[in-house]
Every structure is written in C-alpha cells, then in structure tokens.
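First up is the structure itself, then whatever we jot down about it.
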Amino acid sequence: MEILRPYVEQVLHPALVSLGIAESNWKSMIAPSRERFMGDLSLPCFAFAKQLGMAPNLIAEKLQSMIEPTEVIDEINSTSGYLNFKVSPIWLASYVASGQIRVGDATGEYPSGDRAVLIEHTSANPNGPFHVGRARNAILGDTLVRLHRLHGNDVRAEYYVDDMGKQVAVLAWALANLSAERVEEILSDREPLNELWKNKADHERVRWYQAAQVLRNDDDYKEDIEREIAAMVHASENGDDKVLASFENAYQPVLDGMLQTLGRLGIYFDEFTKESLFVTNGDVSKVMQKLTELDIHGVADNGAEYLDLGARGLKGKTEFYFRRGDGSSLYATRDIAYHIWKFTQCDNLINILGEDHKLQSKQVSLTLTEMGYKTPEVLFYSFIKLPEGKMSTRRGNVVFMDDLLEEAKAHAAEVVKEIRTDYTDQQISQIAEAVGTSAVRFNIIKVSPDKGFTFRWEEALSFDSDSAPFIMYSHTRSRSIAKKCHDLGVDLSRINDIDTSNIPDSMYELLRIIACHNDVLARSVKQNRPNLFASQLLNLANYYNGFYRDCKVIQGGKVNHSFLAISEIASQLLKSGMIGLGITPLEQM
RNA sequence: GGGCGCGUAGCACAGCUGGAUAAUGCGUCGGCCUCCUAAGCCGAAGAUCGCGGGUUCGAAUCCUGCCGCGCCCGCCA
Numbered sequence: 013m014e015i016l017r018p019y020v021e022q023v024l025h026p027a028l029v030s031l032g033i034a035e036s037n038w039k040s041m042i043a044p045s046r047e048r049f050m051g052d053l054s055l056p057c058f059a060f061a062k063q064l065g066m067a068p069n070l071i072a073e074k075l076q077s078m079i080e081p082t083e084v085i086d087e088i089n090s091t092s093g094y095l096n097f098k099v100s101p102i103w104l105a106s107y108v109a110s111g112q113i114r115v116g117d118a119t120g121e122y123p124s125g126d127r128a129v130l131i132e133h134t135s136a137n138p139n140g141p142f143h144v145g146r147a148r149n150a151i152l153g154d155t156l157v158r159l160h161r162l163h164g165n166d167v168r169a170e171y172y173v174d175d176m177g178k179q180v181a182v183l184a185w186a187l188a189n190l191s192a193e194r195v196e197e198i199l200s201d202r203e204p205l206n207e208l209w210k211n212k213a214d215h216e217r218v219r220w221y222q223a224a225q226v227l228r229n230d231d232d233y234k235e236d237i238e239r240e241i242a243a244m245v246h247a248s249e250n251g252d253d254k255v256l257a258s259f260e261n262a263y264q265p266v267l268d269g270m271l272q273t274l275g276r277l278g279i280y281f282d283e284f285t286k287e288s289l290f291v292t293n294g295d296v297s298k299v300m301q302k303l304t305e306l307d308i309h310g311v312a313d314n315g316a317e318y319l320d321l322g323a324r325g326l327k328g329k330t331e332f333y334f335r336r337g338d339g340s341s342l343y344a345t346r347d348i349a350y351h352i353w354k355f356t357q358c359d360n361l362i363n364i365l366g367e368d369h370k371l372q373s374k375q376v377s378l379t380l381t382e383m384g385y386k387t388p389e390v391l392f393y394s395f396i397k398l399p400e401g402k403m404s405t406r407r408g409n410v411v412f413m414d415d416l417l418e419e420a421k422a423h424a425a426e427v428v429k430e431i432r433t434d435y436t437d438q439q440i441s442q443i444a445e446a447v448g449t450s451a452v453r454f455n456i457i458k459v460s461p462d463k464g465f466t467f468r469w470e471e472a473l474s475f476d477s478d479s480a481p482f483i484m485y486s487h488t489r490s491r492s493i494a495k496k497c498h499d500l501g502v503d504l505s506r507i508n509d510i511d512t513s514n515i516p517d518s519m520y521e522l523l524r525i526i527a528c529h530n531d532v533l534a535r536s537v538k539q540n541r542p543n544l545f546a547s548q549l550l551n552l553a554n555y556y557n558g559f560y561r562d563c564k565v566i567q568g569g570k571v572n573h574s575f576l577a578i579s580e581i582a583s584q585l586l587k588s589g590m591i592g593l594g595i596t597p598l599e600q601m
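13 is the number of the first residue of the first sequence in my numbering; add one for each residue after it.
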C-alpha cells in the first residue's frame, strides 16, 4: 500500500534517529505486510540487530512503544522482529471516496504518462489460422498494450508482417501452381476443412500451404519445387517488386482472416510494418555495412559474414551470421534494422516472443549494444501443449482459436439459458459472446508466461473456477445496484459522502484492496507480467462480493449513500481493470 | 553433448536484493436463497517449497550436484 508509505516514514524517522539509526536505507526495507491481519506495511528489524546489539523482536517492540498512532495509521504492532503499520479505516474511506485512487483508461485515448511505448506482438507468419498456441502471443501482447495504457503510457501496438522469406514463398508458390482439386487430393487423409470456415481465407489457404509442404517432402517433386521457391525467396530478399507483390496477393487475405479472429478477442493494431520495407529502403544494407566494420566481425570461406558474439559473453554457438555467402541478408539482420527503426519511434520497446526466439533475441540485443543502440525489453512465453503432445499445424495436431471461440460461446450460451430463463435469444447470444471470449483470454492471461501449460477443453471452457465470468459477475452486480439507485432518483455523479461512523469489516477490507490496486498495476506493467494484475482483479471482485454481502446499498427502498459511493468506485476499478485485461464489462449477465 | 528457462497443496498463482506460523484464488468437503443477480457467500481440510549437499544465527529465496519438463544450438523464419 504505497499511499501509506510517506506517513509510515514520517512516524518512523524520529523513532529510528533516537535509537541511533541515522542512514535512510531503512526506507527501502519497508514492504507490504505478509498477512493482512497484521498490517499494510511492515519494517523488518533484523538488519538493525547487529548495530544496536539488540534482538530484532526487542527492537520492534521498542519502536512500537515509541510511536503513537495517528489519524492515518491507527494500529502499530510488533511481532517477531517486525514492526507493522495498519491504515485507519476512517482515513482510508475518506481517501478513497475523495477520488484519489486513479481509475485509468485502458483504451488509451488519454495517455497521462510521459512514456511512449512501442509493443510489438503477434507478428505471426501470415500462412494460416491462429491455433491456441500462436494466440498466446497475441493475448499476452494485447493485454500488455492495454495495461500500459491503463497505467497511462502512450502505447503503439505493432505487427511486424513477414512478407518475404520461405514461408510466404511456399504459400505463393502453392496458390500459383496447385488447383483446389489437387490440394484436396494431396490432403485426402486429413480432416476436411470445417464448413464454418469455408469462406475464411486463413482456413482456406492454409490447405494450399499444407499441400505444398507435403510435396516438398515428396521425392518426385522436391527438387523442382525447392528450386522454384528458392528463386522466389532470393528475388524477394533483393527487393523484387513483382515477386513481393505476388507474395502480398497470397498472404494478405490470410492475414485479414487472422485479424478477424483477433478482432473477436478485442485485439487490434495501430500499425503494420512489413519486413520488406527495410530491404527496399536500404536500411538492411547500411546495417550490414556497419556490422562489417566491427572488431568482432568475421568472414567464412564462401564470403558469408558473422559476428563472434562469444567475445561479448554469448555461450554455446557464438557465430552470429548476418550475411549469406551470396551477399543477401538474413531474418535476424532485417530484425536489427527493424529494431533501430523502432527506437526512432518510442522511448521504450517491448517485444513479445515465444521461447524459441530466446537465442535469436539475445543475438539481436548483443549486436544492437555493439552498434551503440538501446535494447528492447522482451516478454518470452512458453508454448501451449495438447494432451497428445506438441501443437503442430503440419501434423494436424492443433486447436484453432476460431473453433475454441465457437465452443466457448456455445458453452456460455448453455449456462446463460439455464439460469436466465427470461432473456431473449439476442441477449443470450450477446452475453455468451462476451463471456466466451473473455473466458478464453483470461484463462491464458492468468498463467505466468514463462510456464508452459497443457490445453484442456474442460479447463478452457470452465467458467466456475478462477475465471473471467467471476469478475464479470461482480461487475454486473455493481451495475445492477447503480441502476436501481438511479431509478430511485439518486444522482450517481454526485456521491462522495462517507459515513465514517459505519465502516463494517468487509468494507474496510475492500478499501484496502482498492488502495493497493494501482501498486499492483504499476508492478505488473513494470515487470511485464499481466498475470499479476489478473490476480488483483480477481481479488477485487472477491472482496467486492464480501462487501456486497454485508453492506446493503439499498435496504427497504432507501439508499445508503456511503455504501453506494464505495460500490461505485469499486465498480469503476473493476470496469477499467476488465478493459485492461480485455474482459468485456456487461451491464447484466 | 552444450546453452537458456521452468519445477511452491488436486489446479493456478504470489513470495525468490535470505528473515514472522509459506500468502491468495479455484477445486474438494460441510453449511447458506422470505434478503440489491446463488455465475454468489460462509466454514473446514489440504504443502517433504522437485531431490541431495553446502554457506548462514536463519534458506522457497544464495552456491553446488542430481532428477524431471520445455526451448534453442540452420549462411531457415
């Protein structure tokens, strides 16, 4: 509870001075209390023991006896070497009611901070529909975008479009050389295209891609295809307009289909930057020229060039190749040019990458440092497995995000239909869409990014556990109360009177959670860990439910304005926080 | 084989610049709808902090060895 910190420091300072502790590094030792019942902030006294020649628990007790409770801190206690400070309910209630707890805006319309942050996420090759594994990037990335905005940063969300190279070339080759009949013939042993996605280009065209991959492994065709594709790749890397245009015609509809899926999850981008840009505008050549001039530069027998990053602490394979023997650039080289450009657009740069990119990212960062540039922050995430093993488009062992969203919506609709018998079909559909997409997002966000997990349908569709619907439900309760109060003639824009003579425990506990809300948000953003804020929102919803139980806003047709004020503040924080996580706030459900 | 990361109750997660009885949520079990939406609330049980050593007055936290899981080790992207 950072809002309490200055008050704690103020009362602690004279006491510590009179004990003979003058330095001020004790300030950094003040931390949130371990247990809620003990307090809000605590000072561990172990570090003073040596200097004072006293046992820590005695120091804590001594300090306690020297400090009088104040209007802000009404409880000071010491237990086993810790001095605990607890915030006064009356002061806290007034503080919260006065509107000083910042309710951020995750839509990013009114950035209040001074940091311009560029977050690059997803950037998936446009060759087929999202499966759940690939979507983890988009969901983590978009959540980070939203949380940074909620925190006040000015954020730009970027998608780096891989519009050159082998993957797109394969797709373009297949579309140019294979008929629909031929594709289906090649894929005859696979599951057919789901009827639902028949006109969605990402699902349609991925079959061409898959068929081409089959042929590329077929001895009868392999060599010819490889030669043709290699020629296309080569041309694209040299900035050949015609080939790049044919690539774009091949991938753009696929990308559009993929973005449609992301749109359903509330994921949008501010900017799409094509990889080819840095080849055609000369940046890549300049980068390669500069790299050639570095001390750690080396040349292979056939003229390929690399940097020896072993000299800069990289272990394992230390040669980092940036130019092929034929003089063309590599993906990583272009990525360096892209990073240099990105740094001209922002103060902070964040990349969301799968754990398979760890080495590559390290190489890029070391190289950027070598060239004198800043390096990006990177959020790595582990892959999502299926019970049957690794997800693989090639082997058909995938769960498509489109299918998951359909299932989630259908499941949500069943639940709504069962418990809200008076809702219309349209209401049910709207609620089910919100619940389904929110639940899918939340189930991915709540898991720590560096931990891999296994996708299970029953967990992905579970709404009664640790879930988005739980949070959504608390929020609709608060809206329902507000609506009732409005109908009773209360002006909701003018409620900030708190009856400090009546602060039940569950209201106090809710206030304490509210008081830490922005602390958690700041930490979540600073450390790029969306799951921390997800947990905070779950807590907020939980304590709101406790408040709801004990503090009746409306009783016997009369409105308790004090409770209503707190309910409304909690409601706003729930709503802004939900938008921050990409959960859809509903008025009723 | 080498490198990087992960391993905390049935599940998920916090704590990891060493320090309080390892916190929180879900699930489980038991209870609660004449009461603002029971998609809810209350209570209880549940942890060899992967395993073994070491450093320390004190280790989930630091060091080390092992085990398990993931990823990487292309002049691919």
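Using N, Cα and C, we set each Cβ at its ideal position, and we do this for glycine too.
Bear in mind the structure is a predicted one, so any value in this text is a computation, not a measurement.
Comparing alpha-carbon positions, the option among V108, L24, N37 and A43 lying closest to T82 turns out to be L24. CA-to-CA, the gap between L533 and N165 works out to about 12 Å. Per DSSP, L53 is one residue of the beta strand (DSSP E) stretching across L53 to P56. Taking the Cα of S100 as reference, the smallest distance to any Cα among P516, S547 and K587 is reached at P516.
Looking at the DSSP output, V167 shares a beta bridge with V129.
Annotation for S588: V115, G116, D117, A118 and L162 place their beta carbon closer than 8 Å to its own, counting only its chain and skipping 5 residues before and after. Within the stretch 152-222, complete alpha helix (DSSP H) segments of at least 4 residues are found at 178-189 and 192-198, given in chain order. If you look at R335, you'll find it in the beta strand (DSSP E) that goes E331 to R335. Sorting D307, L504 and R146 by C-alpha distance to the C-alpha of A323 places D307 at the top. Ranked by how close their Cα comes to the Cα of Q600, the residues A546, L319, G569 and M484 have M484 in first place. A distance below 7 Å separates the beta carbons of L187 and A262. Runs of the beta strand (DSSP E) lying entirely within the stretch 353-426 and spanning at least 3 residues, in chain order: 360-366, 389-393 and 396-398. In this structure the stretch 90-104 touches the stretch 70-79; the number of beta carbon pairs closer than 8 Å is three or more. By the criterion of at least three beta-carbon pairs nearer than 8 Å, the stretch 562-581 is not in contact with the stretch 461-477. Counting C-beta pairs closer than 8 Å gives three or more between the stretch 168-176 and the stretch 286-294, which meets the contact rule. The Cβ atoms of L130 and L380 do not sit closer than 7 Å to each other. The distance from the Cβ of S460 to that of N543 is about 5 Å, consistent with a contact at the 8 Å cut-off. Between P141 and H246, the gap from beta carbon to beta carbon reaches 7 Å or more. Distance from the CA of S200 to the CA of L417, rounded to the nearest whole angstrom, comes to 27 Å. Taking the C-beta atoms as reference points, F60 is found nearer than 7 Å to I71. In this structure, DSSP gives Q112 a state outside helix and strand, which the three-state scheme calls coil.
Taking D414 as the centre and dropping the five residues before and after it, the same chain places the C-beta of P141, W209 and T273 closer than 7 Å to its C-beta, in chain order.
DSSP places E283 inside the beta strand (DSSP E), whose first and last residues are E283 to K286. The alpha carbon of K421 has as its nearest neighbour, out of L152, K298 and L277, the alpha carbon of L277. For E317, the uninterrupted beta strand (DSSP E) segment begins and ends at E317 to D320. V452 sits away from I440, with the two beta carbons spaced by 7 Å or more. Setting aside the 5 residues that flank it on each side, V226 is surrounded in the same chain by I198 and L199, each with a C-beta closer than 8 Å to its C-beta; the list follows chain order.
Taking all protein chains in view, the Cβ of Y556 is crowded by 16 or more other Cβ atoms within 10 Å, so the residue is classified as buried.
With respect to the 7 Å criterion, V502 and V571 are classified as neighbours on the basis of their beta carbons. Residue burial is scored here from C-beta neighbours: I151 has at least 16 other C-beta atoms within 10 angstroms and is therefore classed as buried. Between the stretch 288-299 and the stretch 244-258, the count of Cβ pairs shorter than 8 Å is three or higher; the stretches touch. Counting along the chain, D86 sits inside the beta strand (DSSP E) bounded by residues I85 to T91.
Residue nearest to W38 within the set V266, N455, V20 and F465 is V20 (criterion: CA-CA distance). In this structure, F355 and Y393 do not form a Cβ contact; the two beta carbons are roughly 23 Å apart against a cut-off of 8 Å. Counting only residues of its own chain and dropping the five nearest sequence neighbours on each side, I507 has a CB closer than 7 Å to the CB of H573, L576, A577 and E580. Secondary structure note for Y263: its alpha helix (DSSP H) is the uninterrupted segment D253 to R276.
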